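Peer 1: Please find one structure pasted underneath; my questions will follow.
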Amino acid sequence: MYKFEKLAQSIRQMIEEGIWKAHDKLPSLREQSELSGYSLMTVLNAYQELEAQGWLYAKDKSGYYIAERAELEISQKEAPPAQEKIQINSVVFNYLKDTQAPDIVPLGSAFPNPELLFNSKFMQLLSQHAKRKNSYLNHPNMPPGNLELRQIIAGRYQLQGISCHSDDIVITSGALDSLNLSLQALTQPGDFILLQETVFYGAWQAAERLGLNVITLPDHPESGFDLKAFEKALKQYPIKVCWLMLNAQNPIGYTVSAEIKEKIAQLLAKYHVHLIEDDVYQELNFGKEKPVSVKYFDQQHLVLHCGSFSKTLGMGARVGWVFAGPYSNAIQHVQLMSTLTVSPLLQNALVDFVAHHHYEKHLRSLRRALDQNKKRFYQELKARLPTDCKIHYYPTGYFLWVELPTDMDSQQLYTNLLAQDISIAPSLLFRPKHQAQNFIRLNCSFDWNDKLAAAVDQIVQQIETHKKA
Ligand SMILES: Cc1ncc(COP(=O)(O)O)c(C=O)c1O
-19 MYKFEKLAQS
-9 IRQMIEEGIW
1 KAHDKLPSLR
11 EQSELSGYSL
21 MTVLNAYQEL
31 EAQGWLYAKD
41 KSGYYIAERA
51 ELEISQKEAP
61 PAQEKIQINS
71 VVFNYLKDTQ
81 APDIVPLGSA
91 FPNPELLFNS
101 KFMQLLSQHA
111 KRKNSYLNHP
121 NMPPGNLELR
131 QIIAGRYQLQ
141 GISCHSDDIV
151 ITSGALDSLN
161 LSLQALTQPG
171 DFILLQETVF
181 YGAWQAAERL
191 GLNVITLPDH
201 PESGFDLKAF
211 EKALKQYPIK
221 VCWLMLNAQN
231 PIGYTVSAEI
241 KEKIAQLLAK
251 YHVHLIEDDV
261 YQELNFGKEK
271 PVSVKYFDQQ
281 HLVLHCGSFS
291 KTLGMGARVG
301 WVFAGPYSNA
311 IQHVQLMSTL
321 TVSPLLQNAL
331 VDFVAHHHYE
341 KHLRSLRRAL
351 DQNKKRFYQE
361 LKARLPTDCK
371 IHYYPTGYFL
381 WVELPTDMDS
391 QQLYTNLLAQ
401 DISIAPSLLF
411 RPKHQAQNFI
421 RLNCSFDWND
431 KLAAAVDQIV
441 QQIETHKKA
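Read in the working numbering, the sequence shown has 343 at position 363, and its numbers run on one by one without any break.
Below, the structure written as structure tokens:
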């Protein structure tokens, strides 16, 4: 956090606590500078930031005053209701353990088909680097990470029209690491965060581990994102951070439109709330253009954008990053006391692979194969499933979200199928606070074959048996 943001935060807190009321005059720049120990420029930046957010107004030559809007906003924020404790970690632990069995049909797997991720050029570069002493040096690869790799990642943001410098990037051990480090850097136990009602279980796990209160945003049946409900939540609760996934959303699969993303960025600015944007599937679009992110519209450095190579090159290249901007230092602080550093060998091999366009070539063939496999899986599934089941199909990523008959419990289905060496991902993993648990996520990145057909037949049989009971 910049110094001016720290000062703005503490002034905002004093307004929220009622120490300053509407139309009270703030100390002059010089007085505030003497009081706080910050420079005049820092104080001016903090006042201007609060003015832009509607907390203060300026009177010519007279100084800065507390705005009425500020009082209004505070009175509108409800005392947060007692939050139910999140308890998801053991459910996720059991699911991850269960799906590790070697002969299991991996329809519940979170990982794309490794056959599609394997790239011989990357392996070749890795083995060349493995023979060089320089590839193992600690110093140039410690947080914030390998400079060349950060420059390449910053360049990829610039190609998308997002202003980015290598200093904005922190390299991490995969996206889960970047998401967790970001959340830890921005929150304290007891803070309120906002999550989509149905979302990647990693977000729920992080909230449980860090002792955070979760406010959920209802799923929107058409656009994927309910802007009205979003603004209402930001107005109503003291939300500090949102963690959202808006491209090829896991588990449902939708991609939110650019128009909505722009409005999300505007609302974040209006309420001065941070966003941790999980964008690990951004590269897995089937159309010509990569979808934009909220980061694209972020003018106030409120969005921390997280990405990774693990969904495109596999677990063997589990290197991620966060576009942290001014929070780079705060994130490195947490990183240096937890996951520390990322393999220098992997970072160096990635530099060569991505810089020389091998990555783009790999992405093109990966997208083609995922598109084909997903379409085939969808057709086979649709032909088999009873008509009261609904498949949510989106042309991106490698998951299908399937709605089963309303009275069916997908956790029970999961247990029954596991006994037959078939894994699926039940909805409890993604929407632990929701009543309706009749959904499953299926991984459709594999080439269609007899084993998959037999597994799908088993799912259908279980549904039919349930309906007859
Ligand atoms: C939505 C989502 N975010 C983050 C991650 C973690 O990515 P990584 O393997 O790069 O840590 C996953 C992995 O399954 C994911 O599905």
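Even glycine gets a Cβ: it sits at the ideal position worked out from N, Cα and C. Given the structure is predicted, the values throughout are model-derived calculations rather than measurements.
Considering only heavy atoms of ligand 1, list every residue whose Cβ is less than 5 Å from one of them, following chain order.
Peer 2: A90, G154, A155, L156, F180, N230, D258, V260, S288, S290 and G300
Peer 1: With a floor of 3 residues, list each beta strand (DSSP E) that falls wholly inside the segment 235 to 312, ordered by position along the chain.
Peer 2: Inside the segment 235 to 312, DSSP marks whole beta strand (DSSP E) runs of 3 or more residues at positions 254 to 258, 283 to 288 and 300 to 303, from first to last along the chain.
Peer 1: Excluding the 5 residues flanking G305 on each side, which residues of the same chain have their C-beta closer than 7 Å to its C-beta?
Peer 2: Here the set comprises D148 and H281.
Peer 1: Got a sec? Which residues, its chain only, sit under 6 Å from L97 by beta carbon, not counting five neighbours each side?
Peer 2: L293 and G294
Peer 1: Taking 6 Å as the limit between beta carbons, can you name the residues of its chain near G204, skipping five residues before and five after?
Peer 2: Excluding sequence neighbours, G204 sits near Y234 and V236.
Peer 1: Can you give, in chain order, each stretch of the beta strand (DSSP E) that sits fully within the segment 119 to 146 and has at least 3 residues?
Peer 2: none
Peer 1: From what residue to what residue does the beta strand (DSSP E) around F172 run?
Peer 2: F172 to Q176
Peer 1: Work out the CA separation of E11 and K41 for me, nearest whole Å.
Peer 2: 15 Å
Peer 1: Taking 9 Å as the cut-off, decide whether the C-beta atoms of K208 and L226 are in contact.
Peer 2: no
Peer 1: Short of 6 Å in beta carbon distance, which residues of its chain neighbour G182, apart from the five on each side in sequence? Order them along the chain.
Peer 2: L156
Peer 1: According to DSSP, is W0 helix, strand or coil?
Peer 2: coil
Peer 1: Here's the rule: buried if 16 or more other CB atoms are within 10 angstroms of the residue's CB, otherwise exposed. What is Y478?
Peer 2: No answer is possible for residue 478: the residues shown for the chain start at -19 and end at 449.
Peer 1: Please confirm if the segment 348 to 367 is in contact with the segment 161 to 177, defined as three or more CB-CB distances below 8 Å between the two stretches.
Peer 2: Contact fails between the segment 348 to 367 and the segment 161 to 177, because fewer than three Cβ pairs, one in each stretch, are under 8 Å apart.
Peer 1: In the segment 3 to 36, which residue ranges form an unbroken alpha helix (DSSP H) of at least 4 residues, counting only runs that do not cross its ends?
Peer 2: 9 to 16 and 20 to 32
Peer 1: Going by the beta-carbon positions, is the gap between H254 and L214 smaller than 9 Å?
Peer 2: no
Peer 1: Is P271 near A245, with beta carbons less than 9 Å apart?
Peer 2: no
Peer 1: Going by Cα to Cα distance, which pick from T321, N74, E128 and G154 is closest to H336?
Peer 2: E128
Peer 1: Can you list, in chain order, the residues of its chain whose CB lies under 7 Å from that of A(-12), leaving out five sequence neighbours each side?
Peer 2: A26, E29 and L30
Peer 1: I'd like to confirm the pairing. Which residues does DSSP put opposite W223 in its beta bridges?
Peer 2: Answer is L175 and I256.
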